[in-house]
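To convert, note that position 42 of the sequence shown is 643 in our numbering; the numbers rise steadily by one, no gaps. We put the beta carbon where it would ideally sit given N, CA and C, even for glycine. Read the structure below first, then the notes.
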Amino acid sequence: MNTNLGGKNQIVIPEAKKGLNQFKYEVAQEIGVQPPESGYWGNMTSRECGSVGGYMVKKMVEAYERGLANK
Numbered sequence: 602m603n604t605n606l607g608g609k610n611q612i613v614i615p616e617a618k619k620g621l622n623q624f625k626y627e628v629a630q631e632i633g634v635q636p637p638e639s640g641y642w643g644n645m646t647s648r649e650c651g652s653v654g655g656y657m658v659k660k661m662v663e664a665y666e667r668g669l670a671n672k
């Protein structure tokens with residue numbers, strides 16, 4: 602379990618970083634948020650970043666639930 606209380610999210614499995622980054626861009630495109638070309642998300646509004654992150658979590662939970670239902 603990740604017990605980091607420093608306020609920064611950390612990827613638990615470093616090999617997943619590339620896939621998660623690609624997923625972030627796909628989700629942003631799906632919900633109509635123009636992702637930054639530079640890769641730096643710091644100039645995005647909190648609302649835009651929050652909507653991308655929230656939708657990512659929603660899609661991950663749905664995928665997990667589908668996996669449970671198929672067992």
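Endpoints, the alpha helix (DSSP H) within which residue i is located
i	result
residue 610	Per DSSP, residue 610 belongs to no alpha helix (DSSP H) and is neither H nor E.
residue 657	647 to 670
residue 644	Premise fails: residue 644 is in no alpha helix (DSSP H) and is neither H nor E.
residue 629	618 to 631
For residue j and residue i, the rounded distance between their alpha carbons
i	j	result
residue 623	residue 648	20 Å
residue 602	residue 618	Below a pLDDT of 50, predicted positions are generally treated as unreliable, and residue 602, at 49, falls in that range; the measurement from the model is reported next regardless. Distance between the alpha carbons of residue 602 and residue 618 is about 18 Å.
residue 644	residue 611	20 Å
residue 616	residue 661	17 Å
residue 613	residue 663	20 Å
residue 639	residue 668	35 Å
residue 636	residue 642	8 Å
Is the stretch 612 to 631 in contact with the stretch 656 to 671, if contact means three or more CB pairs nearer than 8 Å?
The stretch 612 to 631 makes contact with the stretch 656 to 671: 3 or more CB pairs, one atom from each, lie closer than 8 Å.
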